[in-house]
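Asker:
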Amino acid sequence: MQSLRAALAHGPISFERFMEIALYGEGGFFRGDTIRSVSDGDFLTSPEVSSLFGVTLAEFVRQEHRRLGEPFRLVDVGAGSGSLLRSLLAECPVEAWAVEVSPPARDSLTRLLPAGRVVTSLVELPSPLRGVVIANELIDNLPMALAQKNDGEWRERWVGLEGDTFVMVDADPRPEVLDWLNRFAGPVAKGGWVEVQSQAQAWLSELMSRLIEGSVVIVDYGELAENLSHRREAGTLRTYRGHHLGPDPLLEPGTTDITADVNFTALIATSEESGWTTELFRQDDFLRKYGLDERLAELRSREVMAVDAKEKLTLRSERIGGETLLHERGLGDFRVLVIRKGR
Ligand SMILES: C[S@@+](CC[C@H](N)C(=O)[O-])C[C@H]1O[C@@H](n2cnc3c(N)ncnc32)[C@H](O)[C@@H]1O
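Here is the structure:
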């Protein structure tokens, strides 16, 4: 990637900066011509797996709308192709906005929402904002720094160039990185790697400062800090491409999705320090709370009753899609953080 080589021309850069350019810079993974989160893309998200994700979230939005009254807006941040908004709005037609940095995803969203309601940053949203903000699989894509615990001491891992090859470079941890690690890394074994997610906290703080009343729903893979370290001692940083795990993040930047498990402890701390209340669910529990089991039971009985073979098949595939959202070790194991402010 030319933009990465240019950034490295004057010496190593933090992994956070590397990830930012690799995903969002010139030639970056989310800057190309294609939408990544679709079936012929690189990974599949819950709203792309089943419209029942949006249909079920619509019940949450409906209840929040009832609680908050008007004015009320729904915002999807990192809205991708618009699949979530499409299925949600069909059930619960409220005023909706999308925030997206990827040009092809924005094109798709402008076909769904009225002119002016697809924006590139939180700053462009109406102010003051009241309502529900959803971010499905956004946080895991926000740039993060990398650190490793060696002999009880934290070291940062930056990225440098050796000839034509990107390599990890040892660096003293920056004070803000050290501060984050001391608060949120959780238990880490000697040699363990941690992704430092302060940009996610900054994003959430910015959002909370704009939302005067309402709720934020963050859905992603990840865990509380104390459980994250047990998942993988080598950290959870990884890449995806073409629906499979991809190569090391340094090998082919621009062609892979760089991601890591979300540290929900850090997000909860940011929310509660600002006086917001938080509830953390597993995705399967959250979707059940808002009626997915009942929707699946209805599909099952319609499937049994259907006489037309094609209709039976359609109902069956809808049901299987919905069940996938609840898979105990798959999408059902994602976390849903609900953050609330106001009445
Ligand atoms: C993994 S995809 C998820 C897309 C969609 N939410 C879904 O569930 O299908 C992450 C999306 O977030 C977008 N994104 C990343 N950082 C963003 C930011 N700071 N603001 C808005 N969108 C962002 C990316 O362009 C990408 O489309």
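When you line the sequence shown up against the numbering used here, it's residues 119 to 461, in that order.
Note that the Cβ used here is the ideal one computed from N, Cα and C, for glycine as well.
For clarity, every value in this text was computed on a predicted model and none was experimentally measured.
In angstroms, rounded to a whole number, what distance separates the CA positions of Ile131 and Asn345?
Answerer: Within the sequence shown, numbered from 1, the residue matching residue 131 stands at position 13. Within the sequence shown, numbered from 1, the residue matching residue 345 stands at position 227. The straight-line gap from Cα to Cα measures roughly 30 angstroms.
Asker: Under 6 angstroms from any heavy atom of ligand 1, does the C-beta of Ser148 make it?
Answerer: The count along the sequence shown starts at 1 and reaches residue 148 at position 30. According to the sequence shown, residue 148 is Phe rather than Ser. Checking every heavy atom of ligand 1 against the Cβ of Phe148, one is found closer than 6 angstroms.
Asker: Run through DSSP, which three-state label would Phe399 get?
Answerer: Taking the first residue of the sequence shown as 1, we reach residue 399 at position 281. Here Phe399 sits in strand by DSSP.
Asker: Any C-beta of chain D sitting closer than 7 angstroms to the C-beta of Thr374?
Answerer: No chain D appears in this structure, which consists of one protein chain only.
Asker: Please state the DSSP three-state secondary structure of Thr388.
Answerer: Here residue 388 is taken as the residue at index 270 of the sequence shown, counted from 1. Helix.
Asker: Any heavy atom of ligand 1 inside 6 angstroms of the beta-carbon of Gly198?
Answerer: Position 80 of the sequence shown, counted from the first residue, corresponds to residue 198. Yes, the Cβ of Gly198 comes within 6 angstroms of a heavy atom of ligand 1.
Asker: Which class does Ile153 belong to by DSSP, given the choice of helix, strand or coil?
Answerer: Position 35 of the sequence shown, counted from the first residue, corresponds to residue 153. Coil, per DSSP.
Asker: Going by beta carbon distance, what residues of the same chain come within less than 7 angstroms of Val179, once the five residues before and after it are set aside?
Answerer: Locating residue 179 in the sequence shown gives position 61, counting from the first residue. Same-chain partners within the cutoff: Leu192, Leu206, Cys210, Val212, Val250.
Asker: In the DSSP output, which residue or residues are listed as bridge partners for Trp272?
Answerer: Along the sequence shown, read from residue 1 onward, the residue named residue 272 stands at position 154. Trp272 pairs with Lys267.
Asker: Helix, strand or coil for His348 per DSSP?
Answerer: Position 230 of the sequence shown, counted from the first residue, corresponds to residue 348. His348: helix per DSSP, three-state reduction.
Asker: Which residues does DSSP pair with Leu455 in a beta bridge?
Answerer: Residue numbering aside, residue 455 sits at position 337 when the sequence shown is read from its first letter. Looking at the DSSP assignment, Leu455 forms a beta bridge with Ile336, Leu398.
Asker: Is Pro371 near ligand 1 - that is, is its Cβ less than 6 angstroms away from at least one heavy atom of it?
Answerer: The count along the sequence shown starts at 1 and reaches residue 371 at position 253. Answer for Pro371: no, Cβ out of range of ligand 1.
Asker: Whether or not the region 412 to 423 and the region 383 to 390 are in contact is what I'm after, with contact meaning three or more pairs of Cβ atoms, one per stretch, closer than 8 angstroms; do they touch?
Answerer: Not touching, per the Cβ criterion.
Asker: Is it buried or exposed for Arg184, if we count other Cβ within 10 angstroms and need 16 for buried?
Answerer: Looking up residue 184 in the sequence shown gives position 66. Exposed, because fewer than 16 other Cβ atoms sit within 10 Å of the Cβ of Arg184.
Asker: Under 8 angstroms by Cβ, that's how I've got Asp366 and Asp258 pegged, so tell me the actual separation to the nearest angstrom.
Answerer: Within the sequence shown, the letter at position 248 stands for residue 366. Within the sequence shown, the letter at position 140 stands for residue 258. No, Asp366 and Asp258 are not in contact; Cβ-Cβ is about 17 angstroms, not under 8 angstroms.
Asker: For Lys407, collect the residues of the same chain with a Cβ closer than 8 angstroms to its Cβ; drop the 5 residues on either side in sequence, then sort them by chain order.
Answerer: The residue given as residue 407 occupies position 289 in the sequence shown. Excluding sequence neighbours, Lys407 sits near Phe399.
Asker: For Val285, does the count of other Cβ atoms within 10 angstroms reach 16, so buried, or fall short, so exposed?
Answerer: Here residue 285 refers to the residue found at position 167 when the sequence shown is read from its first residue. Its Cβ having fewer than 16 others within 10 Å, Val285 is exposed.
Asker: Under the assumption that Leu203 contacts Ala223 (Cβ atoms under 8 angstroms), give the Cβ distance between them as a whole number of angstroms.
Answerer: Sequence index remark: in the sequence shown, residue 203 carries index 85 (1-based). Sequence index remark: in the sequence shown, residue 223 carries index 105 (1-based). About 11 angstroms separates the two Cβ atoms, so there is no contact after all.
Asker: Please classify Ala253: does DSSP put it in a helix, a strand, or coil?
Answerer: To locate residue 253, count along the sequence shown from 1; it is residue 135. In this structure, Ala253 counts as strand in the three-state DSSP scheme.
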